[in-house]
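Written below as structure tokens is the structure these notes are about.
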Amino acid sequence: MKENQDKVTAKVKELAETVTAANGSVLVIGLIEGGDENCIIGAVQGKPSKITEAIAKLVSNDSAGAVAKIIKEGMALGAIFKIAGRHADKVEVETETNK
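Numbering-wise, the sequence shown is residues 53 to 151 according to our numbering.
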């Protein structure tokens, strides 16, 4: 899993650099599974308010498709996991925000 985790982390950093150069904002969330472990990769680059606005527009738009469905289901599942005490084996989060 470590090799895959390093590859994904490198690509997320590359994406973050590209987003910064374009004066944009992005949220990346991923799950890397390997053997008996899993790792959640998360990254925020740019302005959190812009990302929040984009998520709100997606979730409230019926034609947003799979992305909106994933966000909605993820929030519901997250509430269940919190109640049940489940968690990822490892969480790697990188945040670089522009206020």
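Positions of the beta carbon are idealized from the N, C-alpha and C atoms, including for glycine. Computed from a predicted structure; not experimentally measured.
Coarse secondary structure for residue i, derived from DSSP in three states
| i | result |
| --- | --- |
| A131 | helix |
| N90 | strand |
| G117 | coil |
| A74 | coil |
| G137 | coil |
Spatial neighbours of residue i in its chain, beta-carbon cut-off 6 Å, leaving aside the 5 residues before and after
| i | result |
| --- | --- |
| T104 | none |
| A116 | L110 |
Burial state of residue i (16 or more Cβ within 10 Å)
| i | result |
| --- | --- |
| G98 | buried |
| S77 | buried |
| A68 | buried |
Neighbourhood of residue i by C-beta, 7 Å cutoff - its chain only, sequence neighbours within 5 removed
| i | result |
| --- | --- |
| T72 | Q97 |
Bridge-paired residues (DSSP) for residue i
| i | result |
| --- | --- |
| T147 | V96 |
| G82 | I93 |
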